[in-house]
Amino acid sequence: MTARDDSTTRHFTVRHDGVTIPVCRGGQGRRPLILCPGLNCTQADLQELTELLRREYDVVTFDLRGHGLASAAERYCFDAFLGDLRAVLAELDLPSPPLLVGYSLGADLAVHYAAECPDRVAQLVLIDGANPLPEPFITGVDLAQFRAMADDLAGERGGDAARQVSLTGRDIMDLNLEMDVVRSGILGRYREIDLPVRMIMSAAIAGDSCEGRAPRHNRLWRAGIERLVRERPDISASWLDADHRLVFTHAPAIAGIIRNGHQPVGGPAT
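When we follow full-length UniProt numbering, the leftmost residue of the sequence shown carries the number 1, and every step to the right adds one.
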């Protein structure tokens, strides 16, 4: 591990599985908070939410392999990303177990990590991910649309190195299909977790269109959380009137829920 410091944050790198992972840590609070990004998302993308959380927490952010300033890798799969999260947490000298916050794929990684290492996590906040879907999100009729979306995501980043993603459209598509498999069994992981868990979910993950596949995807997204809350009524869920970009469009509301646990105005409670 190598490190450097500035006036507000400490920057260091973690080397794991042939990958170099950049990590930033800083904040005005003493309570540690780990913010795990999702697929096609970098710590630079989460800057607004990070800065809001740093007002009250000691916040750690990082890039997953192939994202942002992390190096590219030979393989991109759920277990490899989970290994990245494990490696970062293993390098941290924290005064107490952290609040582990994950977005999208990062939420699924957080659940699996907490199930493996329950004594190393104080609480989970899961943002629009880790959803125990009752059926696959992507079906045969969705494949062409999702492939096109994956290709667009792989090619739309500008020139900012901190926001670049090395994954190809094929990598992104394969991971989306793998996540359907992961989420088909994630309810079992929740059964292994005896920690406070809060969900922050988008009310319209696929957008607000009444046509095409969006209505089915939105209904399925809500059905998965309803399934989870029936199984674990101690888990609270807040819904934001947003799509899957909620961490970028609703950062202040999300920071408020993390700090206070309140239900935002306009989001129906589950």
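Idealized CB from N, CA, C, for every residue including glycine.
*In whole angstroms, what is the alpha-carbon distance linking residue 9 and residue 58?*
As a working mapping, residue 9 is identified with position 9 in the sequence shown. As a working mapping, residue 58 is identified with position 58 in the sequence shown. Those two C-alpha atoms are separated by around 10 Å.
*Could you check the C-alpha separation between residue 175 and residue 260 for me, to the nearest Å?*
Residue mapping note: residue 175 aligns to position 175 of the sequence shown, counting from 1. Residue mapping note: residue 260 aligns to position 260 of the sequence shown, counting from 1. Whole-angstrom Cα-Cα distance: 33 Å.
_Which residue wins for smallest C-alpha separation from residue 134, given the options 223, 24, 232?_
In the sequence shown, the residue the question calls residue 134 occupies position 134. Among 223, 24, 232, the Cα nearest to that of residue 134 belongs to 223.
*Assuming residue 142 and residue 213 form a contact by the criterion Cβ under 8 Å, report the distance between their Cβ atoms to the nearest whole angstrom.*
Counting from one through the sequence shown, the residue named residue 142 turns up at place 142. Counting from one through the sequence shown, the residue named residue 213 turns up at place 213. At roughly 6 Å, the Cβ-Cβ gap stays under 8 Å, so residue 142 and residue 213 are in contact.
*asked:* For the structure I just gave you, are there three or more beta carbon pairs, one from the stretch 56 to 70 and one from the stretch 28 to 45, closer than 8 Å?
replied: yes
*Would you identify the three-state DSSP class for residue 61, choosing helix, strand or coil?*
Sequence index remark: in the sequence shown, residue 61 carries index 61 (1-based). Note: residue 61 maps to strand in three-state DSSP.
*For the stretch 10 to 30 and the stretch 60 to 77, state whether three or more C-beta atom pairs, one from each stretch, are separated by less than 8 Å.*
yes
*asked:* Please state the DSSP three-state secondary structure of residue 146.
replied: Translated into the one-based positions of the sequence shown, residue 146 becomes position 146. Residue 146: helix per DSSP, three-state reduction.
_CB of residue 82 within 8 Å of CB of residue 103, strictly_ = To locate residue 82, count along the sequence shown from 1; it is residue 82. To locate residue 103, count along the sequence shown from 1; it is residue 103. No, they are not a contact pair.
*For residue 122, the nearest candidate out of 258, 100, 191 (CA to CA)*: By 1-based counting over the sequence shown, the position of residue 122 is 122. It is 100 whose Cα lies nearest to the Cα of residue 122.
_Less than 7 Å between C-beta atoms, sequence neighbours within five positions excluded: which residues of the same chain meet that for residue 262?_
Residue numbering aside, residue 262 sits at position 262 when the sequence shown is read from its first letter. For residue 262, the predicted model reports a pLDDT of 47, less than 50, meaning its position is unreliable and no value from the coordinates is stated.
_Expected contact under 8 Å - CB spacing of residue 138 and residue 180 to nearest Å_ = Along the sequence shown, one-based indexing puts residue 138 at 138. Along the sequence shown, one-based indexing puts residue 180 at 180. Sure, about 6 Å apart at Cβ, within 8 Å.
_Residue range of the alpha helix (DSSP H) that includes residue 183_ = Residue numbering aside, residue 183 sits at position 183 when the sequence shown is read from its first letter. Unbroken alpha helix (DSSP H) run through residue 183: 169 to 184.
_Inter-stretch contact (C-beta, 8 Å, three-pair minimum) for the stretch 199 to 217 and the stretch 164 to 174_ = no
*If you draw a straight line from the alpha carbon of residue 167 to that of residue 187, how long is it in whole angstroms?*
The sequence position of residue 167 within the sequence shown is 167, counting from 1. The sequence position of residue 187 within the sequence shown is 187, counting from 1. Taking the straight line from one Cα to the other gives about 28 Å.
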